[in-house]
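**Student:** Under this note's numbering, read the sequence shown as residues -18 to 258, first letter to last.
Quick one: this structure, given as structure tokens, is what I'll be asking you about.
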Amino acid sequence: MLLPPLQPDFAAEVTGTDLAQPLTPENLAALKEITARHGVIVFRDQKNLSYDGMRRFARLFGQTSDCASITNLDAQGNIRDRDDRDSRHARGDTVWHMDMLTLEAPHLMGFLKAKELPASGGETEFADVTQAWQRLPETLRDKITGLRAMHSLDAARRRAGLTDPADIANQYKPTSHPLVTIEPFSNRPALLFGAHTSHIEGMDTAESGQLLEQLLALATTGALVYKHRWRLNDLLVWNNRRVMHRVRPYDLVKERRFLWRMVVEGERPPAYLRKSA
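Printed below as a string of structure tokens:
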């Protein structure tokens, strides 16, 4: 059952659907239609959904890849030290980003299921970069259409206030993508940038930095942002080509947070080219 939008034309909530059970063709068609219309979908009360079940559901949308869980716990289930390598990596999620822009073909979709949650904090915020494009002034649209930007892991880590050893900073080669792409579910133009974006090609450092800050401010304000307040057994699905996201702070050394994670692989983002008048 699709409830009234959590955020109009952006985030939707679905209840009364047990994703651990096989979907009828009608239900599957309805879910795919909901996915095409929304950047974020919340499926409540998925207590019966196993990790393998989450993978089966994700595969309805494309080729999947298993990913490390989102957590502050170690392999034994103990809270990690704040300064260990994995904890530092998790702090990089606190800045606005789109997943894996360092890849030539960034992820298409992300899936998270809440297994353990902190008493406060740890919400996940999403910002709609298709609606952000629609709200840009015409002069700014003209300016950025056709531009390309470089993305690196090091840029994202530095924005989070982290300096990593070379083996982490150089884990992925810097990658170039169009600054404005076409979101594949709706075929609408969308911005493509975030914490991984080191600079816009062909611009000097100051101009590039100012433009990226301007775009981020415009894309992460007011009705363009949905804050998800987690409940146990929520399954959260998002379109990684339509939204950027970040986690809100929580007490990493006292509170437990554990979410299963899965992604659907994507294709190389195409450039959006505006039609001549």
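We put the CB at the ideal spot given by N, CA and C, even for glycine.
1) Which residue comes first and which comes last in the beta strand (DSSP E) that contains residue 220?
2) Rank 219, 115, 156, 213 by C-alpha distance to the C-alpha of residue 166 and give the top, closest one.
3) In whole angstroms, give me the CA-to-CA distance for residue 131 and residue 78.
4) Within the chosen definition, does the stretch 135 to 145 reach the stretch 226 to 234 through at least 3 CB pairs nearer than 8 Å?
5) Would residue 194 be called buried (16 or more neighbouring beta carbons within 10 Å of its own) or exposed?
6) Considering only DSSP beta bridges, list what residue 105 is partnered with.
7) May I ask you to report which of helix, strand or coil DSSP gives residue 157?
8) Give the range of the beta strand (DSSP E) segment to which residue -6 is assigned.
9) What span of residues does the beta strand (DSSP E) with residue 97 cover, start to end?
10) Run through DSSP, which three-state label would residue 11 get?
11) When DSSP labels each residue in this structure, what does residue 5 get in the three-state scheme?
12) Check the DSSP bridge columns for residue 164 and list the partner residues they point to.
13) Just to check my reading of the structure: residue 205 and residue 108 have Cβ atoms closer than 8 Å, yes? What is that Cβ distance to the nearest angstrom?
14) What residues in its chain sit with their C-beta under 8 Å from that of residue 251, if we drop five residues either side in the sequence?
15) Per DSSP, what kind of secondary structure is residue 322 in: helix, strand or coil?
16) Please classify residue 245 as buried or exposed, where buried requires at least 16 neighbouring CB atoms within 10 angstroms.
17) Let me make sure I understand the geometry here. Which of 214, 172, 94, 40 has the alpha-carbon closest to that of residue 128?
18) Relative to the alpha-carbon of residue 180, which residue among 192, 169, 80 has its alpha-carbon at the smallest distance?
19) Straight-line CA distance for residue 233 to residue 53?
**Tutor:** Looking at the atomic coordinates:
1) Walking along the sequence shown from the start, residue 220 turns up at place 239. It spans 216 to 220 - the beta strand (DSSP E) in which residue 220 sits, taken as one unbroken run.
2) Residue numbering aside, residue 166 sits at position 185 when the sequence shown is read from its first letter. Among 219, 115, 156, 213, the Cα nearest to that of residue 166 is on 219.
3) By 1-based counting over the sequence shown, the position of residue 131 is 150. By 1-based counting over the sequence shown, the position of residue 78 is 97. Going by the C-alpha atoms only, they are around 14 Å apart.
4) no
5) Working through the sequence shown from its first residue, we reach residue 194 at position 213. By the neighbour-count rule (16 or more Cβ atoms within 10 Å), residue 194 is not buried but exposed.
6) On the sequence shown, residue 105 is found 124 positions in, with the first residue counted as 1. In DSSP, residue 105 forms a bridge with 209, 228.
7) Translated into positions along the sequence shown, residue 157 becomes position 176. If DSSP states are grouped into helix, strand and coil, residue 157 belongs with the strands.
8) Mapped onto the sequence shown, residue -6 falls at position 13. Residue -6 -> beta strand (DSSP E) spans -8 to -5.
9) Residue numbering aside, residue 97 sits at position 116 when the sequence shown is read from its first letter. Note, residue 97: beta strand (DSSP E), 90 to 97.
10) Taking the first residue of the sequence shown as 1, we reach residue 11 at position 30. Three-state result, residue 11: helix.
11) Position 24 of the sequence shown, counted from the start, is the residue given in the question as residue 5. Looking at residue 5 - three-state DSSP - the assignment turns out to be coil, as it is neither helix nor strand.
12) To locate residue 164, count along the sequence shown from 1; it is residue 183. 169.
13) The residue you call residue 205 lines up with position 224 of the sequence shown. The residue you call residue 108 lines up with position 127 of the sequence shown. Rounded, the Cβ-Cβ distance is 5 Å, consistent with contact.
14) Looking up residue 251 in the sequence shown gives position 270. Excluding residues within five positions, the ones whose Cβ falls inside 8 Å are 159, 162, 163.
15) Any question about residue 322 goes unanswered here, given that the chain covers just -18 to 258.
16) Residue mapping note: residue 245 aligns to position 264 of the sequence shown, counting from 1. Result: buried.
17) What you label residue 128 is simply residue 147 of the sequence shown in a count that begins at 1. Taking only the C-alpha atoms, the option nearest residue 128 is 172.
18) Residue numbering aside, residue 180 sits at position 199 when the sequence shown is read from its first letter. For residue 180, the nearest C-alpha among the options comes from 192.
19) In the sequence shown, the residue the question calls residue 233 occupies position 252. In the sequence shown, the residue the question calls residue 53 occupies position 72. About 6 Å.
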